[in-house]
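In our numbering, the protein residues as written are 553 to 738. C-beta: ideal position from N, C-alpha, C; glycine also. The next block holds one structure in the form of structure tokens; read it before the comments.
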């Protein structure tokens with residue numbers, strides 16, 4: 553009898569343990585897994601309009617609500633950033649001074665109409681590429697903007713190599729350089 557009672561108690565303890573484990577999985581693990589999957593999906597698709605469902609207001613529910621609030625702020629910031637980018641593109645595009653802009657990877661992000669007219673290279677040929685040299689040289693080589701972006705790595709040695717005797721530090725702007733060149737095709 554004692555043995556049978558002990559077996560029943562062990563079986564009940566195992567059943568209770570299983571029930572507790574199942575309940576923890578349902579109440580803790582699944583919502584966290586759902587949030588993690590949603591985070592991965594949002595990061596992959598860059599769709600900040602998505603929200604994680606909040607069905608309770610315990611620690612996990614509050615975490616999900618905070619995550620949704622963060623997504624709201626990211627969505628608002630993203631919209632403001634797109635507006636700013638659009639305004640900048642309009643300003644650069646409409647400027648009568650030839651302007652091109654490259655990013656930290658030396659890819660052209662802007663190439664305005666005045667630049668197209670001056671150098672004779674259409675914006676659609678260079679935007680998104682590292683071929684901004686096409687407007688100035690017959691073969692690939694760094695332009696002054698490339699050297700300025702890479703100045704920490706290359707120092708003034710690159711300026712000397714490509715602009716020997718024709719560059720100087722800008723008297724108007726700290727950290728900037730000026731260079732002169734002759735481009736007969738312009």
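Element boundaries [alpha helix (DSSP H), containing residue 739]: Absent from the model: residue 739. The displayed extent of the chain is 553 to 738, so no value can be given.
Simplified DSSP state of residue 674, which is helix, strand or coil: Taking the first residue of the chain shown as position 1, residue 674 is located at position 122. In the structure shown, residue 674 sits in coil (DSSP, three-state: anything other than H, G, I, E or B).
Exposed unless 16 or more other CB atoms sit within 10 angstroms - verdict on residue 574: Taking the first residue of the chain shown as 1, we reach residue 574 at position 22. Exposed: under 16 other Cβ atoms inside 10 Å.
8 angstroms Cβ cutoff met for residue 617 and residue 606: By one-based count along the chain shown, residue 617 stands at place 65. By one-based count along the chain shown, residue 606 stands at place 54. Against a cut-off of 8 angstroms, the Cβ pair of residue 606 and residue 617 comes out as a contact.
Inter-residue Cα distance where the pair is residue 598 and residue 719: Working through the chain shown from its first residue, we reach residue 598 at position 46. Working through the chain shown from its first residue, we reach residue 719 at position 167. Straight-line Cα distance between these residues: approximately 43 angstroms.
Residue 555 - containing alpha helix (DSSP H), residue span: Counting from 1 along the chain shown, the entry for residue 555 is found at position 3. 554-576 is the extent of the alpha helix (DSSP H) around residue 555.
Whole alpha helix (DSSP H) elements within the segment 569-625, 4-residue minimum: 582-597
N-terminal and C-terminal residue of the alpha helix (DSSP H) that residue 700 is part of: As a working mapping, residue 700 is identified with position 148 in the chain shown. Its alpha helix (DSSP H) spans residues 696-701.
Alpha carbon of residue 821 to alpha carbon of residue 666, nearest angstrom: Since the first residue shown for the chain is 553 and the last is 738, residue 821 is missing from the structure and cannot be characterised.
Bridge-paired residues (DSSP) for residue 721: Looking up residue 721 in the chain shown gives position 169. Looking at the DSSP assignment, residue 721 forms a beta bridge with 729.
Residue 658 and residue 651 closer than 8 angstroms at C-beta: As a working note, residue 658 is residue 106 in the chain shown. As a working note, residue 651 is residue 99 in the chain shown. In this structure, residue 651 does not lie closer than 8 angstroms to residue 658 by Cβ.
Cβ neighbours of residue 601 in the same chain (closer than 7 angstroms, five flanking residues each side left out): Sequence index remark: in the chain shown, residue 601 carries index 49 (1-based). Counting only Cβ-Cβ distances below 7 angstroms, and skipping sequence neighbours, we find 627.
8 angstroms Cβ cutoff met for residue 739 and residue 687: This structure cannot settle anything about residue 739, because the visible part of the chain is limited to 553 through 738.
Best match in 723, 715, 625 for proximity to residue 732 [C-alpha to C-alpha]: To locate residue 732, count along the chain shown from 1; it is residue 180. Nearest C-alpha to residue 732: 715.
Residue 654, enclosing beta strand (DSSP E) - first and last residue: Taking the chain shown and counting its residues from 1, the one referred to as residue 654 is at position 102. First-last of the beta strand (DSSP E) with residue 654: 652-654.
Nearest-angstrom beta carbon gap, residue 695 and residue 685 [assumed within contact, 8 angstroms]: Counting from 1 along the chain shown, the entry for residue 685 is found at position 133. Counting from 1 along the chain shown, the entry for residue 695 is found at position 143. About 6 angstroms separates the two Cβ atoms, so the contact holds.
Contact set for residue 593: own chain, Cβ-Cβ below 8 angstroms, skip 5 residues either direction: On the chain shown, residue 593 is found 41 positions in, with the first residue counted as 1. Only 599, 602 meet the Cβ criterion.
Buried or exposed (CB count within 10 angstroms, at least 16 for buried), residue 805: Beyond the ends of the chain as shown, which are 553 and 738, falls residue 805; an answer cannot be given.
Rounded C-alpha distance that separates residue 637 from residue 653: The residue labelled residue 637 in the question sits at position 85 within the chain shown. The residue labelled residue 653 in the question sits at position 101 within the chain shown. So the two alpha carbons sit approximately 13 angstroms from each other.
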